[in-house]
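Structure first, commentary second.
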Amino acid sequence: MLASAVTLRGMQAPDVWVPDNEDATASSMRNEGIVNIIEIVSEHGADFPGEIHPRMVWHRDDPGLRRQGLEHMIEVADPNKGAIRHIDGFVIPEVGDIDDWKKADECFTIVEDMYDLQEGSLSMSVIIESATAELALADLRNEIGKPSNNLERLFMLIDGEVDYTKDMRAMTPTGGLPPWPELRHNTSRGASANALIAVDGPFDDIRNLEGYRARMTENRAKGINGIWSLTPSQVHAANIAPLPPETGKWLLDLNNEEVTLDSRGEQEVYPRKTVSLRIKDDDAYVLITSGEEEVLKKSELQEKLEDATSYIPSMSDIVESMEEFESAKAAGKGAIAMTQSVTVVIDDVEIEISKDRMWDEATYQAAQTPIKLFQDVYRHRSDQHEELVEMYGQDVVKRATEVGD
Amino acid sequence: MLASAVTLRGMQAPDVWVPDNEDATASSMRNEGIVNIIEIVSEHGADFPGEIHPRMVWHRDDPGLRRQGLEHMIEVADPNKGAIRHIDGFVIPEVGDIDDWKKADECFTIVEDMYDLQEGSLSMSVIIESATAELALADLRNEIGKPSNNLERLFMLIDGEVDYTKDMRAMTPTGGLPPWPELRHNTSRGASANALIAVDGPFDDIRNLEGYRARMTENRAKGINGIWSLTPSQVHAANIAPLPPETGKWLLDLNNEEVTLDSRGEQEVYPRKTVSLRIKDDDAYVLITSGEEEVLKKSELQEKLEDATSYIPSMSDIVESMEEFESAKAAGKGAIAMTQSVTVVIDDVEIEISKDRMWDEATYQAAQTPIKLFQDVYRHRSDQHEELVEMYGQDVVKRATEVGD
Amino acid sequence: MLASAVTLRGMQAPDVWVPDNEDATASSMRNEGIVNIIEIVSEHGADFPGEIHPRMVWHRDDPGLRRQGLEHMIEVADPNKGAIRHIDGFVIPEVGDIDDWKKADECFTIVEDMYDLQEGSLSMSVIIESATAELALADLRNEIGKPSNNLERLFMLIDGEVDYTKDMRAMTPTGGLPPWPELRHNTSRGASANALIAVDGPFDDIRNLEGYRARMTENRAKGINGIWSLTPSQVHAANIAPLPPETGKWLLDLNNEEVTLDSRGEQEVYPRKTVSLRIKDDDAYVLITSGEEEVLKKSELQEKLEDATSYIPSMSDIVESMEEFESAKAAGKGAIAMTQSVTVVIDDVEIEISKDRMWDEATYQAAQTPIKLFQDVYRHRSDQHEELVEMYGQDVVKRATEVGD
């Protein structure tokens with residue numbers, strides 16, 4: 104598995120590869136696991152396009168496992184073994200209180216000192232899979248930066264919902280994982296407060312890419328922009344997911360069910376039968392939602408549709424709006440209005456609507472979040488450039504890398 | 104805009120007016136903005152019915168903006184300029200850690216000392232729009248009251264979801280704001296723990312008053328009883344929203360869809376077609392929900408409807424129940440039962456139901472929350488008395504101001 | 104009421120009985136209330152099958168009530184009165200900051216010292232019904248274990264949503280309680296981080312057992328495995344709820360509505376009409392969900408149903424899977440695949456599907472949560488053994504008590 108993972112490239116390769124010597128390795132085989140990781144990484148690590156952060160063993164309640172974690176790091180970091188020059192840091196699972204994080208940090212410092220690596224140069228990522236680790240997220244900001252630790256080496260805060268569920272003694276009838284929205288919020292907040300990266304744990308239902316994408320959408324609305332990937336198709340989905348789409352999409356929600364409209368040239372067609380619409384006479388329409396009829400004048404219907412529609416902008420839309428706002432700002436304007444017109448079609452009845460979008464500094468700043476993420480990935484992952492150009496076209500990619508500075 | 108805001112009265116005027124010198128003012132115009140605020144407030148502030156708390160510039164990451172915020176407060180507070188006697192405090196945006204809150208507090212203390220104002224007399228409100236400020240909400244209780252600060256001057260904790268979303272690096276497909284339930288909970292909890300007022304941020308979709316009201320209902324269930332208002336119609340909606348309605352309303356929920364019944368005299372009529380009901384024979388009814396038929400005896404149907412209905416009490420209902428409970432308590436009773444009978448009509452079939460409501464000390468205490476809020480506003484806002492009397496009638500208003508002490 | 108509660112046995116008796124001298128007793132009658140509790144407990148406590156933790160008066164804001172709480176504990180703990188030997192601890196309501204918890208703890212220590220009881224031997228449970236107590240949940244881990252307190256005596260963390268709602272100044276239109284998901288999360292997390300038991304507050308709608316069960320399912324997904332019970336039927340429901348069912352159940356969710364299938368021998372029949380299915384020709388099916396038709400090949404339909412079904416394992420299923428995994432582990436295997444085949448019937452159309460479930464160490468550990476809870480209760484509640492055997496059969500009960508060590 105390690106051997107095939109290290110050969111991934113482009114959209115199939117993750118930004119961070121975590122060769123695992125914890126859960127994926129039987130506890131009796133972990134010394135052999137380390138040898139295996141060293142061998143693969145030293146041989147192929149130079150060519151891997153993302154960062155490499157092997158996962159060690161560790162446990163807040165088990166000093167023996169902590170000692171083993173230290174020994175393995177000492178082994179992996181040995182410059183004579185050739186792996187460490189390709190390794191960016193280590194992932195430490197099962198941490199507890201902030202004092203336990205400091206113990207792990209101290210192990211990193213010992214390893215760095217041993218091999219004359221710069222203090223803090225090995226980054227540390229932790230898996231939040233206990234109530235105590237979740238509580239530590241709120242302490243971190245007060246501890247990071249103290250002269251007695253090197254917690255500035257922290258890189259990713261990763262939720263581990265399987266073991267967290269066990270630690271919380273939570274149960275669901277089918278054995279499925281609870282959604283844990285508060286944990287994810289607290290991890291995201293901890294990441295934001297300390298300039299780290301929040302990452303969601305594995306999505307076990309490997310075949311269900313739709314569910315995986317829905318989970319990522321939910322995560323991004325919480326500020327969690329990374330997710331564990333277990334398979335190449337999950338990696339691909341996770342690389343694509345935070346990118347704005349190639350083409351914009353209209354959504355319509357008239358009965359608490361958001362439906363994506365079918366784009367047919369200038370028309371956006373409602374593809375279901377749940378809502379229906381017919382012309383009554385010259386200026387009157389009958390709209391039926393959830394079995395309730397409503398008679399509306401044309402202007403009322405338009406207003407209703409304008410309120411009920413929303414638009415998912417494409418990468419090209421975002422870049423264009425940002426450029427337009429930048430010009431306006433340079434010309435001394437604080438806000439610009441952009442109008443979008445579209446013909447919505449329900450049951451063959453066509454209604455033209457137009458929506459105004461105000462762009463001010465706040466809209467502009469908000470739009471920067473996906474663009475900055477794109478630029479950050481673009482800078483570090485030249486192996487993905489070709490696929491991005493294929494997706495968006497050369498022009499949009501170029502402008503997307505330049506906008507917003 | 105300032106000039107028109109200061110003339111608002113009654114239900115059109117907010118409890119707190121925040122003349123803005125931050126986001127509403129271009130950064131190059133902020134010195135002029137302050138002059139403008141001073142001019143308007145000194146001239147018209149005496150007649151404004153609510154409190155006045157101008158928003159200054161400030162940023163946890165920018166000492167230059169913090170210095171500018173201090174300079175502006177010094178300018179506004181200058182007694183020779185005539186504004187400060189009408190000003191109750193200042194709103195400080197973009198705070199970070201609790202130590203940053205203390206820096207802002209210290210600026211207030213400097214200003215008070217400069218002009219011989221009583222220490223702590225200028226109230227301070229902060230905008231929670233960063234992960235670090237959200238974390239500070241949990242520290243506040245330990246810091247407030249320390250002799251080295253004057254954080255007791257704190258007044259409102261205001262969520263600022265636009266910048267918070269940016270700080271959390273969160274994204275949604277359409278660019279809409281995430282709901283941030285955990286942030287709102289933490290703000291509300293911080294307010295409750297420190298006897299402050301929790302306020303939700305702006306609701307951008309200005310035309311959508313329905314959505315604004317739904318947001319306020321959600322907020323009140325979290326203990327957030329204030330909200331930013333951007334337009335006179337939002338101010339009006341926000342003033343009305345926390346008040347109990349003029350007339351009670353019955354709700355029916357038979358298929359996970361809560362529907363308000365139409366009141367027609369003694370009858371409460373189900374206005375939709377989603378649920379249907381017909382008489383089968385003497386003592387049997389057929390109830391159809393979500394396409395599933397159910398045959399029920401009359402008593403079973405009554406029990407089902409009693410469980411599926413709920414009642415939104417009017418101001419007059421609440422006052423009456425409180426008065427009744429107060430009398431019972433004075434007579435040594437700990438709990439009273441009140442029965443409500445009503446005829447529910449579905450598809451012309453009439454079913455009489457009766458619901459018991461137990462009132463004990465806890466119910467009584469819970470009912471006090473809206474009444475105390477009403478009384479508090481009533482005491483401070485004589486400009487709204489006339490409109491309140493128009494709404495509820497003189498008798499109910501009078502009893503509502505007296506009940507519950 | 105006390106007299107009848109103390110006679111409960113088996114599934115009708117709670118694991119913890121809380122004779123109440125706070126809200127259930129008029130404030131003027133609390134000295135008599137204590138005498139009453141002492142009398143009932145000294146006479147019948149020896150035979151009560153669960154633990155006994157009387158609720159005292161206490162309030163973070165009222166030193167008089169705290170003194171009364173101390174006096175009552177001194178009275179109850181008096182060995183000459185005969186109650187204390189049956190009492191396991193006390194429940195303290197209305198606590199505030201962690202320093203307030205320490206005041207209560209100190210009262211326990213005083214009582215223990217007075218009567219030569221072992222320090223820490225009386226357990227303390229607190230009711231989280233204020234914002235400050237919720238904040239204290241995050242401090243607890245740093246305070247417990249300090250030599251200056253005996254907070255290790257803590258036992259249950261109980262949410263009290265009625266008073267919490269009042270403390271948070273929250274309101275709902277009907278006066279119903281807000282759901283407070285964040286409070287429940289924080290209580291559960293505090294319990295997990297400090298090895299305590301999280302308990303949800305009273306469910307007021309006594310007649311609505313369906314709602315009570317739904318609340319418990321929601322709670323268990325948050326790690327809250329206890330709940331207040333107000334009536335014998337609530338006690339019974341609460342005792343049954345966390346136990347795996349006697350027989351497994353299939354769920355189908357094709358239109359965002361999870362429906363339990365009717366088990367008829369080998370067939371699992373969809374009992375509603377919302378989704379419909381018909382055979383089009385040899386290898387094609389028409390599936391209609393939410394009014395939308397979809398034509399699917401047999402293999403596509405099978406895959407869709409495999410994704411849309413889930414299974415609630417019975418106690419016997421769980422025990423069997425655990426045993427199987429234990430054998431596999433003993434034989435050196437880290438994971439085993441188990442296949443379940445079933446015939447799903449929609450509109451008389453039969454489709455055979457088969458689902459693979461992987462069992463690895465993590466699945467095994469997760470399955471232990473309900474089993475350990477069962478074993479814990481089994482060990483302490485011999486009065487329930489007969490009913491458990493009736494439910495599951497002797498064989499399954501025996502294996503369930505032995506599996507997983």
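Heads up: the protein sequence lines correspond to chains A, B and C, in order. Heads up: the first sequence begins at 104 in our numbering, then just goes up one per residue. Heads up: the second sequence begins at 104 in our numbering, then just goes up one per residue. Heads up: the third sequence begins at 104 in our numbering, then just goes up one per residue. Just so it is clear, CB atoms sit at the ideal spot from N, CA and C, and this is done for glycine as well. The model shown is predicted, which means the values in this text are computed figures rather than measured ones.
Taking DSSP's pairing of strands, which residues face B:V119 in a bridge?
B:E154
Look up B:D48 in the DSSP assignment and say whether it is helix, strand or coil.
This structure gives no information on residue 48 of chain B, because the portion of chain B shown stretches from 104 to 508.
To which residues does DSSP link A:D365 through a beta bridge?
A:V372
Span of the alpha helix (DSSP H) around B:S233
Neither: B:S233 is in no alpha helix (DSSP H) and is coded neither H nor E.
Return the chain-ordered ranges of every alpha helix (DSSP H) run that is complete within the region 361-445 of chain C and spans a minimum of 4 residues.
401-411, 418-433
Between which two residues does the beta strand (DSSP E) harbouring C:L355 extend?
352-355
Between the region 210-244 of chain B and chain A, which residues of the former have CB atoms less than 7 Å from a CB of the latter, in chain order?
A234, T235, E237, L238, A241
Would you say B:S444 faces chain C, with C-beta separation under 8 Å as the test?
no
Looking at chain A, is there any beta carbon in it that lies within less than 8 Å of the beta carbon of B:G278?
yes
Is the closest heavy atom of the ligand SAH to the C-beta of A:D386 under 7 Å?
This structure simply doesn't include the ligand SAH, nor any ligand for that matter.
Please look up how many angstroms separate the CB atoms of A:R169 and A:H162, rounded, as I've assumed it's under 8 Å.
7 Å
Please list the terminal residues of the continuous alpha helix (DSSP H) segment that includes A:R460.
Note, A:R460: premise wrong, no alpha helix (DSSP H); beta strand (DSSP E) at 452-463.
Determine the burial state of C:R381: buried for a count of at least 16 other Cβ atoms within 10 Å of its Cβ, exposed for fewer.
exposed
Cutoff 8 Å: A:K325 Cβ touching any chain B Cβ
yes
Determine, using beta carbons only, whether C:T472 comes closer than 8 Å to chain A.
yes
If we ignore side chains and look at the alpha-carbon of each, how far apart do A:L243 and A:G293 end up?
7 Å
If you drop the 5 nearest sequence neighbours on each side, which residues of the same chain put their C-beta closer than 8 Å to that of B:T334?
I309
Helix, strand or coil: which one does DSSP assign to A:D303?
strand
Identify each residue in the region 307-337 of chain A for which the Cβ-Cβ distance to at least one residue of chain B is less than 8 Å, and report them in chain order.
T320, R323, A324, K325, G326, N328
Under 8 Å between C-beta atoms, does A:D270 make it to chain C?
yes
Have a look at A:L254 and C:P305 and give me their C-alpha separation to the nearest angstrom.
43 Å
B:I190, enclosing beta strand (DSSP E) - first and last residue:
No beta strand (DSSP E) contains B:I190, which DSSP labels as neither H nor E.
Measure how close the beta-carbons of B:E464 and B:G437 come, nearest whole angstrom, since I'm counting them as under 8 Å.
7 Å
Specify the secondary structure class of C:L240 as computed by DSSP and reduced to three states.
helix
Which same chain residues end up closer than 6 Å to B:E455 when comparing Cβ atoms and leaving out the 5 residues on each side of it in sequence?
T446
In the DSSP assignment, find the unbroken alpha helix (DSSP H) run with B:I309 in it and report its ends.
Where B:I309 is concerned, there is no enclosing alpha helix (DSSP H), given that its DSSP letter is neither H nor E.
Does any residue of chain B bring its CB to less than 8 Å from the CB of C:R188?
no
Compute the beta-carbon to beta-carbon distance between C:E237 and C:L286, rounded to the nearest angstrom, for a pair I have assumed lies under 8 Å.
6 Å
What whole-angstrom Cβ distance do C:D270 and C:S233 have, given they're in contact under 8 Å?
4 Å
Thinking just about the alpha-carbon of each residue, which of C:V372, C:S444, C:P157, C:Y481 is nearest to the one in C:E409?
C:S444
Among C:L220, C:I201, C:S224, C:S251, which has the Cα closest to the Cα of C:T235?
C:I201
C:I137 lies in the beta strand (DSSP E); which residues open and close that run?
Unbroken run through C:I137 is the alpha helix (DSSP H), 133-147; no beta strand (DSSP E).
Cβ of B:M274 less than 8 Å from any chain A Cβ?
yes
B:G329 by DSSP, collapsed to three states: which one?
strand
My output table needs one value for B:L346: the three-state DSSP class, helix, strand or coil.
coil
Rounded to the nearest angstrom, what separates B:A324 and C:M274 at their Cα positions?
5 Å
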